[in-house]
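*Asks:* Keeping their order, the protein sequence lines are chains W and A. Quick note: to get this note's numbering, add 27 to the position in the first sequence (first position is 1). Quick note: to get this note's numbering, add 1124 to the position in the second sequence (first position is 1).
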Amino acid sequence: MVMSSSCKRSEAPIPVNRPYETGNASFTGATLNSAPNDPPGEWRSQAHDYANTRYSTLDQINTGNVGKLRIAWTFSNGTLGGQEAAPLVVDNTMYVVTPFPDELYALDLTLPGEPIKWVFKPNPSPIAKGKACCGPVTRGVAYANGKLIYNLLDDHTVAVDAKTGKEVWRIKMGNVETGETMTMAPFVVGNKVLVGDSGGEMGVWGWIAALDVDSGKELWRAYSTGSDSQVRIGNDFKPFYDHMKGKDLGIGSWPAGAWKHGAGSVWGWISYDPQLNLIYYGTSNPSPRVPDQRPGDNLWTSTIFARNPDTGMARWAYQTTPHDRWDYDAVNEDILMDLRVDGQLRKVMVHFDRNAYGYTIDRATGEVLKAAPFTYQNWSSGFDMKTGIPTVNPDKEPHPNVKLVNVCPPDIGGKDWQPSAASPRTGLVYAAVFNMCMDVTDNDVSYIPSSPFDGMDMKRYPAPGGNLGEFIAWNPVTGKKVWGVKEVYLTMSGVLATAGDVVFYGTTDGWFRGVDARSGRVLWSQKLGSGIIGQPITYLGPDHRQYIAIYAGVGGAATVHVDKEAVKGFDFPAGGNSLYVFSIDGDSMSNGQSQLGGMDSISKKSPQSGTSEKQ
Amino acid sequence: MDHCAARAGMGMLAFALLTPLSGCRAAQGGSSMTAQSTMNLPAESAAGAVPLGQLAGAPAETATSLSIANPYEHNPQAIQAGRQLYLQMNCAGCHAYNGKGNMGPDLTDTYWRYGGLPVQIYNTIHDGRPQGMPAWKRALPPDEIWKLVAYIQSLGGTVSVSNYEHARQGDRPGDLIAPEAQAEAQP
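1. Quick check: what's the CA-CA separation for W/VAL530 versus W/GLY506?
2. Take the Cβ of A/TYR1196 as the centre, count every other Cβ of all protein chains shown within 10 Å, and call the residue buried at 16 or more, exposed below.
3. Could you check whether the Cβ of W/VAL581 sits closer than 9 Å to any Cβ belonging to chain A?
4. With the cut-off set at 9 Å, would you say W/GLY537 and W/VAL164 are in Cβ contact?
5. Near W/LEU292, which residues of its chain fall below 6 Å by C-beta distance, leaving aside the five closest residues on each side in sequence?
6. Take the Cβ of W/SER103 as the centre, count every other Cβ of all protein chains shown within 10 Å, and call the residue buried at 16 or more, exposed below.
7. Could you check the C-alpha separation between A/ARG1262 and A/LEU1272 for me, to the nearest Å?
8. Thinking just about the alpha-carbon of each residue, which of W/GLU130, W/LEU372 and W/PRO266 is nearest to the one in W/ALA341?
9. Given W/ASP484, which residues of its chain have a CB within under 8 Å of its CB, disregarding the five upstream and five downstream residues?
10. Which bits of chain W does A/LEU1211 rub up against, with CB to CB less than 7 Å?
11. Within 10 Å of its beta-carbon, does A/HIS1198 have 16 or more other beta-carbons around it, so buried, or fewer, so exposed?
12. Is the stretch 214–222 of chain W touching the stretch 187–194 of chain W in the sense that three or more CB pairs, one from each, lie closer than 8 Å?
13. Following the continuous beta strand (DSSP E) through W/GLN553, name the residue where it begins and the one where it ends.
14. Leaving out five residues on either side along the sequence, give the residues of the same chain with a beta carbon under 7 Å from the beta carbon of A/ALA1302.
15. Determine, for A/ALA1216, whether the minimum Cβ-Cβ distance to residues of chain W falls below 9 Å.
16. Anyone know if the C-beta pair for W/VAL215 and W/VAL240 falls short of 9 Å?
17. Under 7 Å, CB to CB, which of the residues in the stretch 1250–1264 of chain A have a partner in chain W?
18. Let's see if you can read the secondary structure: which residues bound the beta strand (DSSP E) around W/TYR607?
19. Name the residue from W/LEU523, W/ARG548 and W/PHE480 whose alpha carbon lies nearest to the alpha carbon of W/LYS513.
20. Under a CB-based cut-off of 9 Å, is A/TYR1221 close to chain C?
21. Give the interface partners of W/ILE154 over in chain A, defined as CB-CB distance under 8 Å, in chain order.
22. Taking 9 Å as the threshold (beta carbon to beta carbon), is W/PRO151 in contact with chain A?
23. Is the stretch 1218–1229 of chain A touching the stretch 1283–1302 of chain A in the sense that three or more CB pairs, one from each, lie closer than 8 Å?
24. Pick helix, strand or coil for W/ASP614, following the three-state DSSP scheme.
25. Decide if W/PRO425 is buried, meaning its Cβ has at least 16 other Cβ atoms within 10 Å, or exposed.
26. Rounded to a whole number of angstroms, what is the C-alpha to C-alpha distance between W/HIS183 and W/PRO213?
27. Taking C-beta pairs closer than 7 Å, name the residues in chain W that A/GLY1228 reaches, listed in chain order.
28. Can you look up A/LEU1145 in the DSSP assignment and give me helix, strand or coil?
29. Would a C-beta distance cut-off of 9 Å place W/GLY558 and W/GLY511 closer than the cut-off?
30. Taking the DSSP output, what are the residues bridged to A/LYS1271?
31. What first and last residue would you give for the beta strand (DSSP E) that runs through W/THR49?
32. Could you work out which residues of chain A lie near W/ASP324, taking near to mean beta carbons separated by less than 8 Å?
33. Could you please give me the residues that DSSP links to W/PHE531 through a beta bridge?
34. Count Cβ pairs between the stretch 326–339 of chain W and the stretch 277–294 of chain W that sit closer than 8 Å; are there 3 or more?
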């Protein structure tokens, strides 16, 4: 079942005798623009920092000892939706959120067995469960001012006191009966928390909004379609490319009225540059997913926005896939890096789009500096640097009632929402990507509230090579893949990069791996109880030991979008809900000498058989 | 019976201005194909008497309403009309074009959260269900819901009326039954 390590390696031979392969030199010179980071030993936001790097400076676990990683402790939350969120670690407490019914647990890391401090049960409306296209998931919680803030599937944002587990505020952001849900992880900038909606397959009117961290009051909302004032486009708006310049394009680039149910939901990641004072995020596909029903560019769907977080006003926009015909979205993470292009230092974002292009974009202006496919694709025949638009291959444009075969990538993209990571030590970006194609037939659809506004009938299967997944290292300066680890099954997990030069990711068949950040060599693997679509994190325990944590529990888009017959003999794992925490040799507060000490302090209240036999 | 006019005033399912067109086309097309059969539809009050889901210890009188047959079962024209409704009412968006489920449950297997008898499926479409299934009673007349049921029955995963008592207890036709269990099954 597991490919031999030689099979997993890139087809390209790994070069030797280069300092960046074995030493400490950077491949690219790229640095991260991550300030302010979460404290090094903690994990207070999904991406760990404003720049969305998912990079930790911890290095107790490194290339020399990662092979000794063992399970230290586990935690089960009892739900069966896809486990997509990263746990947070704040003040020696771990916070884990479940898929629907969106329960939030606080675990005390200072006590053996990491017992539950409190659990918060918000009781969201069950209607939401059947309205989420890609499973009743959540992508996590944000921490700010002593509060944990997250979105409930039924369109409410809630803040919970981190110490007590009591609700501080809750605000209704939409009507779940229309098909709108919320799955993204909020992102905090100062005293504002930014949230957005889901429902690109339900004909929603997509938006991002800023709420006051302390009161929950809505401060501004910017829609993804509609008039310039609804989209919060004003005099400061300076898109780099001509086709995005003009008045009320969020109405004019649609057939009459179609923008009202044109989606552009905001269900992915947000990043922030404090110097430029701009937030960055992407909007979803246009609705319906049948392009012939909505001639035009369909702005501002499948678009990356830069906005001022104080006012919500747009600074620039860049539409990655105009008139998106394949459901490619633009919601994937934007990693903020500083690097030299043609000798000039540029402030950039690195963005792996579902359309299979890896972009390096000037984050001050929206100019595309590099754009190159990071995985197999055939929907475009090249990239026009003048217009910033990939050249569409007309053979791969779907039309109603015509079966189109071998369109690559499929709707799920060359990479979906699962966030990549970057390391300032190597200057590389690391991503879990797909190698997939689809046969697709479009069907005309009507907008009926509360039902999907969709129309795509698809069958998905592996692209050439036969592997569904790959874990890649990417050079954002050259726009080239450095190495790749091919995986038979889908790779749909987040990535963690560390100063120990080990990068971590998981597979949907349940393998969790640690990889040499320089060579791409798999140094350590552990099979977990279910498939992995979560996001790995690392933290320092109260014992000053470095831990790595990851949820196993496949679901979400990984199960919705993969035909079980896609790979011969593919036995897709069942769902699960276990958090796994690893350390060197599996040492923790829960075992060995420290566990016994802990037991003494707990006294005789909870005697455990076998304790005395351990030593 | 002008369902299109009735639909314009619906509450939660109010259609946007553009949308009644194709929905009404579907409705009228579906109705005209088998208009002669609409006379034989089960009384709506009978369907309304059916309990929700598979209830342990349900009284015997509910058996009568549970055994309501679909007048369109095996009717090729009605199944075809049901397939059209399945596409045009966006059922495929949740339950997939092949009925094998996606956002919504698989309709081709033998697991039915709220019962797999024809009248139970009718009620599920008519009334909606708590985890996101819309209530279609204000959008579709009974005639069209029964055609949708006929299409779903044609996918092969439902429970037949003749087998309803056994299905409730998880029995399948032809299964072995222990003598003691057989005795207990007798009233």
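The C-beta atom is built at its ideal place from N, Cα and C for all residues, glycine as well. These numbers were taken from a predicted model, which means no experiment stands behind them.
*Replies:* Short version:
1. The residue given as residue 530 of chain W occupies position 503 in the first sequence. The residue given as residue 506 of chain W occupies position 479 in the first sequence. W/VAL530 and W/GLY506: Cα-Cα distance of roughly 20 Å.
2. Position 72 of the second sequence, counted from the first residue, corresponds to residue 1196 of chain A. Here A/TYR1196 is buried: its Cβ has 16 or more other Cβ atoms, across all protein chains shown, within 10 Å.
3. Here residue 581 of chain W refers to the residue found at position 554 when the first sequence is read from its first residue. With 9 Å as the cut-off, W/VAL581 does not count as an interface residue toward chain A.
4. Numbered from 1 along the first sequence, position 510 holds the residue referred to as residue 537 of chain W. Numbered from 1 along the first sequence, position 137 holds the residue referred to as residue 164 of chain W. No, the pair does not count as a contact, with Cβ atoms beyond the cut-off.
5. Numbered from its first residue, the first sequence carries residue 292 of chain W at position 265. The amino acid occupying residue 292 of chain W in the given sequence is Ser; Leu does not appear at that position. The beta carbon of W/SER292 lies closer than 6 Å to those of ASP224, SER225, GLY226, GLY227, VAL231, GLY233 and SER311 in the same chain, with the five residues before and after it left out.
6. Locating residue 103 of chain W in the first sequence gives position 76, where the first residue counts as 1. Exposed, by the Cβ-count rule.
7. Taking the second sequence and counting its residues from 1, one reaches residue 1262 of chain A at position 138. Taking the second sequence and counting its residues from 1, one reaches residue 1272 of chain A at position 148. As the crow flies, the alpha-carbon of A/ARG1262 is around 15 Å from that of A/LEU1272.
8. Taking the first residue of the first sequence as 1, we reach residue 341 of chain W at position 314. Considering only alpha carbons, the answer is W/PRO266.
9. One-based indexing of the first sequence puts residue 484 of chain W at position 457. Answer for W/ASP484: VAL467, THR468, ASP469 and ASN470, listed in chain order.
10. As a first step, residue 1211 of chain A is located in the second sequence; it is residue number 87 there, counting from the start. Per Cβ cutoff of 7 Å: ASN470.
11. If you number the second sequence from 1, residue 1198 of chain A lands on position 74. Per the 10 Å Cβ criterion, exposed.
12. The count of Cβ pairs closer than 8 Å, one atom from the stretch 187–194 of chain W and one from the stretch 214–222 of chain W, stays below three, leaving the stretches out of contact.
13. Stepping through the first sequence from its first residue, residue 553 of chain W is reached at position 526. First-last of the beta strand (DSSP E) with W/GLN553: 549–554.
14. Taking the first residue of the second sequence as 1, we reach residue 1302 of chain A at position 178. Around A/ALA1302: no qualifying Cβ.
15. Walking along the second sequence from the start, residue 1216 of chain A turns up at place 92. Interface residue, yes.
16. For this step, residue 215 of chain W is matched to residue 188 along the first sequence. For this step, residue 240 of chain W is matched to residue 213 along the first sequence. With respect to the 9 Å criterion, W/VAL215 and W/VAL240 are classified as neighbours on the basis of their beta carbons.
17. Result list: PRO1254, GLN1255, GLY1256, MET1257 and PRO1258.
18. Here residue 607 of chain W refers to the residue found at position 580 when the first sequence is read from its first residue. In the DSSP assignment, W/TYR607 falls within the unbroken beta strand (DSSP E) covering 605–611.
19. The count along the first sequence starts at 1 and reaches residue 513 of chain W at position 486. Selected option, being the one with the closest Cα: W/ARG548.
20. Protein chains W and A are contained in the structure displayed, whereas chain C is not.
21. Your numbering for residue 154 of chain W matches position 127 in the first sequence. Annotation: Cβ neighbours of W/ILE154 in chain A (cutoff 8 Å, chain order): PRO1254, GLN1255 and GLY1256.
22. Numbered from its first residue, the first sequence carries residue 151 of chain W at position 124. Answer no: the Cβ-Cβ gap between W/PRO151 and chain A never drops below 9 Å.
23. Contact fails: fewer than three Cβ-Cβ distances are below 8 Å.
24. In the first sequence, the residue the question calls residue 614 of chain W occupies position 587. Residue state, collapsed to three classes: coil.
25. Sequence index remark: in the first sequence, residue 425 of chain W carries index 398 (1-based). It counts as buried.
26. Start at 1 with the first residue of the first sequence, and residue 183 of chain W comes out as number 156. Start at 1 with the first residue of the first sequence, and residue 213 of chain W comes out as number 186. Looking at the two C-alpha atoms, the distance is approximately 12 Å.
27. Along the second sequence, read from residue 1 onward, the residue named residue 1228 of chain A stands at position 104. Near A/GLY1228 (Cβ distances below 7 Å), the residues of chain W are GLY157.
28. To locate residue 1145 of chain A, count along the second sequence from 1; it is residue 21. Confidence in A/LEU1145 is poor, its pLDDT being 36 and thus under 50, which makes the residue's placement unreliable; the coordinate value appears in the next sentence. Looking at A/LEU1145 - three-state DSSP - the assignment turns out to be helix.
29. Reading the first sequence from its first residue, position 531 is the one you call residue 558 of chain W. Reading the first sequence from its first residue, position 484 is the one you call residue 511 of chain W. No; because the gap between Cβ atoms is not below 9 Å, this pair is not in contact.
30. Residue numbering aside, residue 1271 of chain A sits at position 147 when the second sequence is read from its first letter. According to DSSP, A/LYS1271 shares a beta bridge with no other residue.
31. As a first step, residue 49 of chain W is located in the first sequence; it is residue number 22 there, counting from the start. For W/THR49, no beta strand (DSSP E) encloses it; the enclosing alpha helix (DSSP H) starts and ends at 46–49.
32. Taking the first residue of the first sequence as 1, we reach residue 324 of chain W at position 297. None at all; the shortest Cβ gap to chain A is about 20 Å.
33. The sequence position of residue 531 of chain W within the first sequence is 504, counting from 1. Paired residues: W/LEU523 and W/GLY541.
34. Yes, the stretch 326–339 of chain W touches the stretch 277–294 of chain W.
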